[in-house]
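Asks: Before we start, here is the structure in question, set down as structure tokens.
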């Protein structure tokens, strides 16, 4: 089931790394996986464009407010069919 992406373009980090401590305080990071779209295209270096663009706006009066989350909830509620009351 595919749902819309809401917010801003993602960063484009499309790989997973495993870090191994070497012992002298340094570490070796090895790429062990890559995120791919269903089409097989990698998102690494490209990111994902949202279906619904919403630029984040910080609200000084209400620092816990999240306009992107509010929009996501609005969109998702519109995708859910109302339940018939008995």
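Residue numbers (my numbering): 7 to 92. Every residue, glycine too, gets a C-beta built ideally from N, C-alpha and C.
Could you tell me the boundaries of the alpha helix (DSSP H) in which residue 80 lies?
Replies: If you number the chain shown from 1, residue 80 lands on position 74. 73-85 is the span of the alpha helix (DSSP H), which, as asked, contains residue 80.
Asks: Over what stretch of residues does the beta strand (DSSP E) that includes residue 57 continue unbroken?
Replies: What you label residue 57 is simply residue 51 of the chain shown in a count that begins at 1. Note, residue 57: premise wrong, no beta strand (DSSP E); not H, not E.
Asks: Step through the CB atoms of chain B and report whether any lies within less than 7 Å of the CB of residue 70.
Replies: Absent from the structure: chain B. Only one protein chain is present.
Asks: Can you round the beta-carbon distance between residue 33 and residue 25 to whole angstroms, since I take them to be within the 8 Å contact cut?
Replies: Numbered from its first residue, the chain shown carries residue 33 at position 27. Numbered from its first residue, the chain shown carries residue 25 at position 19. Yes, they are in contact, since the Cβ atoms of residue 33 and residue 25 sit about 5 Å apart, within 8 Å.
Asks: Please state if the CB of residue 60 and the CB of residue 77 are separated by a distance shorter than 7 Å.
Replies: Indexing the chain shown from 1 puts residue 77 at position 71. Indexing the chain shown from 1 puts residue 60 at position 54. A contact, by the Cβ cut-off of 7 Å.
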